[in-house]
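Have a look at the structure below, then the notes.
Number of protein chains: 2
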Amino acid sequence: MTPSHDVPPSHDALSTLRVALGERSYPIHIGPGLLGDPQWLMPHLAGRQVMVVTNETVAPLYLDALKRGLPDELEVHALVLPDGEATKTLASVERIWDALLAAGFNRRCTLIALGGGVIGDMVGYAAASYQRGVAFIQIPTTLLAQVDSSVGGKTGVNHPRGKNMIGAFWQPRAVLIDTDTLASLPPRELSAGLAEVIKYGLIRDDAFLSWLEARMPALRRLEVDALTPAIERSCSLKAEIVAEDETEQGVRALLNLGHTFGHAIEAHQGYGHWLHGEAVGAGMLMAAELSHRLGWLEEDDVTRVRAILEAASLPLAAPAGMGEADFLSLMRLDKKNLDERLRLILLRRLGDACIHDETPPEMLGELLENFPRQ
Amino acid sequence: MTPSHDVPPSHDALSTLRVALGERSYPIHIGPGLLGDPQWLMPHLAGRQVMVVTNETVAPLYLDALKRGLPDELEVHALVLPDGEATKTLASVERIWDALLAAGFNRRCTLIALGGGVIGDMVGYAAASYQRGVAFIQIPTTLLAQVDSSVGGKTGVNHPRGKNMIGAFWQPRAVLIDTDTLASLPPRELSAGLAEVIKYGLIRDDAFLSWLEARMPALRRLEVDALTPAIERSCSLKAEIVAEDETEQGVRALLNLGHTFGHAIEAHQGYGHWLHGEAVGAGMLMAAELSHRLGWLEEDDVTRVRAILEAASLPLAAPAGMGEADFLSLMRLDKKNLDERLRLILLRRLGDACIHDETPPEMLGELLENFPRQ
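Chains as they are written, first to last, in our numbering: chain V, 1 to 374; chain P, 375 to 748.
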């Protein structure tokens, strides 16, 4: 576990990872220019009927390039939804189903999710439930979706009472990560994606964490020599974890570092006000502070966590006006909880996360009370 | 394939079958008095939180008996939905999700479907999508649900454009068939269930078909010596087929004999006006007639099919006013169709069904035109 600054090799060619899930295995292709080149898409289509689902922000940027590359013999439809986490609802998924049925799509069709995590999660769930399950392909266009939500088959929508409460495990046929799409990403969304990249270092790979600490400025400048290996290493760590535990019976829960706090922040603020990655960023700092109170992390470790989050331009404080009781009532609904126990992902050391359900309530209460507010 | 009148052994003790699906395998318990005896339910609960979902017809008959048997340490909630196929909608499933979230149910909860096929299909889909999948148990109280829809993990709801268009493959933890519940079943619903029983004979077991021909009056009188073995043989045939082909890539499609015609009838009439089994009954006669036109069944075979459906008091004609074009446009949406071909389940012989996608359109047109109308 010696920190090293040379972990992910830097390169600019296309690389392919594989999520190993038996007959549900699939490739993740990473590189520039994938989106307009049909060779990456064609082998994964289930039939002639293709529905591209995207949003109003992404459509003008990439929809034409994607459609232009597809051969004429396909029946290609497109559905453009509004943008934003607030649209991640069952009503949006119903719009997808309505469009599929209106176009007469049968079981041998393919849905393509072109956009960020919201589009990917909704389209994946629409595919999981259309005629009891059809094929879908992820083409994530945000860093967050590329390194996290597009890989691993977690799909779903929010419910007024909680995030991602309705959904399914449904694996894509392929994930195509076109790194060129990051050029159009607003800085706030880039930071939100970096939160999930940092997460992989924190939970499983301290060498990668050190590598990231050294390259945060380069990542924020979108330097391809930093960005491509960061995406690749993140996807590779995620693919490993998903292959070990597809339906989150155990180790996969570690990917939720910072998410129990983060989901509470998102729900309290109303979905879409904080970006998911921003809430996870603040949540990871809360998890690190709590891990310190439990005697696992050193003060210096927490300082490192705070510093890398700050370098990624992520929030270091919880929302103003969000009280301890707000956190607790929202955290109680978290999907990881079993029976009455609150389960949190915490850090034994940097690079080594664990599932913990024995945090003394008063310790959690003190953290929630004393953690800085904006 | 010699017809015999002695196929399913007659008995009145409890019997258990098993659906063999690897780690998703589960038992089907069949017998009198199961519903009030917690020993059949308890081993399959995932945790303390239990939600019984039933309807306004079934609740007054069996909900108390079921709840009375459950130990106090469980947290048991009940949700009573309206009755009928017209309620098999996403809106009803949303009511289930709302109730689960309002009660603070986590992933380690169990949904119990107490009712007919509509309740089973909706509760199964609600379980499949709640927090990406939780446990559920089927307690079917209609013959149709007992011999068909409760076994095999097909769950879902109707869409205005087609039946069962939204759903998932999601297996129950157990199926508890309490044969006592059939005493409260209206005769029309009993006939609808018998349609699916007859189906098993037609598609896979001509000896069972002959056995049923001899016992139709006894079955309609609910004689337990006929009913229990008929349920058992039906479930056993279904379990075999599901174990071979869980997600309907091949042989499982044979279970849809009569269903392509039947779904069109149900959709045309508005869900709930014809019972599902009634529509399937008429649809099986249409499939038999078409199989005769293709030169596979003899005239006498079709006569036998008509006679056993008549003995079960099932409709032998399509709805008045439902034209050839109505059938064709609705049949085109069937989930079995791939690309542009209409796929039908037809009979090579009695007891031997096949998937066929080469029916000449003019032959199908003639059948649809000439088949009797009510």
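Idealized CB from N, CA, C, for every residue including glycine. Note that this is a predicted model, so its numbers are computed, not measured.
Judged by pairs of C-beta atoms under 8 Å, the segment 464-474 of chain P touches the segment 484-501 of chain P, as three or more such pairs exist. Here the alpha carbon of residue 25 of chain V sits roughly 22 Å from the alpha carbon of residue 545 of chain P. DSSP assignment within the segment 647-714 of chain P yields the following whole alpha helix (DSSP H) runs of 4 residues or more, N-terminal first: 650-667, 673-685 and 698-705. For residue 744 of chain P, the three-state secondary structure derived from DSSP is helix. A straight-line Cα-Cα distance of about 24 Å links residue 648 of chain P and residue 601 of chain P. Less than 8 Å divides the Cβ of residue 278 of chain V from the Cβ of residue 195 of chain V. Among the residues facing chain V, residue 485 of chain P is not included, as its CB has no counterpart in that chain under 8 Å away.
Taking C-beta atoms as the reference points, residue 17 of chain V and residue 235 of chain V count as a pair closer than 8 Å. Secondary structure in the segment 526-587 of chain P: the alpha helix (DSSP H) runs of 4 residues or longer, each lying completely within the stretch, are 561-578 in chain order.
In summary, the residues of the segment 130-160 of chain V whose CB is separated from some CB of chain P by less than 9 Å are 130, 131, 132, 133, 154, 155, 156, 159 and 160, in the order they occur in the chain. Per DSSP, the unbroken beta strand (DSSP E) holding residue 51 of chain V starts and ends at 49-55. By a beta-carbon distance limit of 8 Å, residue 551 of chain P contacts residue 605 of chain P. Their separation comes to about 6 Å.
Distance from the CA of residue 218 of chain V to the CA of residue 67 of chain V, rounded to the nearest whole angstrom, comes to 32 Å.
Residues of chain V whose Cβ lies closer than 9 Å to the Cβ of residue 543 of chain P are, in chain order, 132 and 133. Within the segment 25-36 of chain V, no residue has its Cβ closer than 8 Å to any Cβ of chain P. Contact between the segment 205-218 of chain V and the segment 129-138 of chain V is absent, with fewer than three C-beta pairs closer than 8 Å. Taking 8 Å as the CB threshold, residue 468 of chain P lines the interface with chain V. For residue 593 of chain P, no CB of chain V lies under 8 Å from its own CB, so it is not counted at the interface with that chain.
Taking 8 Å as the threshold, the shortest C-beta distance from residue 664 of chain P to chain V does not fall below it. Look at residue 539 of chain P: its C-beta is under 8 Å from a C-beta on chain V. Leaving aside the five residues that flank residue 317 of chain V on each side, the residues in its chain whose CB is nearer than 6 Å to its CB run, in chain order, 372, 373 and 374. The residues 38 and 42, in chain order, have a CB closer than 8 Å to that of residue 71 of chain V in the same chain once the five nearest residues on each side in sequence are set aside. The beta carbon of residue 559 of chain P sits closer than 7 Å to those of 516 and 517, all from its chain and outside the five residues before and after it, given in chain order.
Contact of residue 709 of chain P with chain V by beta-carbon distance below 8 Å involves 106, 107, 131 and 132. Within chain V, no residue has its beta carbon less than 7 Å from that of residue 394 of chain P; the closest one is some 18 Å off.
For the C-beta of residue 437 of chain P, not a single chain V residue is nearer than 8 Å; the gap to the nearest is close to 25 Å. Within the segment 75-93 of chain V, contact with chain P at the beta-carbon level (separation under 8 Å) is assigned to 90. Listed along chain V, the residues sitting closer than 9 Å to residue 502 of chain P by beta-carbon distance are 128, 129 and 168. Going by C-alpha positions, residue 69 of chain V is about 39 Å away from residue 738 of chain P. Straight through space, the alpha carbons of residue 83 of chain V and residue 56 of chain V are spaced by roughly 6 Å. Listed by position along chain P, the residues whose Cβ is nearer than 9 Å to that of residue 101 of chain V are 533, 534, 535, 536, 539 and 707.
Inclusion of residue 575 of chain P and residue 725 of chain P in the CB contact set at 8 Å is warranted, their separation being smaller than that value.
Note that the C-beta distance between residue 480 of chain P and residue 335 of chain V is below 8 Å. Scanning its chain for C-beta atoms nearer than 6 Å, with the 5 sequence neighbours on each side dropped, one finds around residue 492 of chain P the residues 459 and 462, in chain order. If the five residues before and after residue 640 of chain P are omitted, its C-beta is found closer than 7 Å to the C-beta atoms of 537, 648, 650 and 653, all from its own chain and listed in chain order. The residues 251 and 252, in chain order, have a CB closer than 7 Å to that of residue 245 of chain V in the same chain once the five nearest residues on each side in sequence are set aside.
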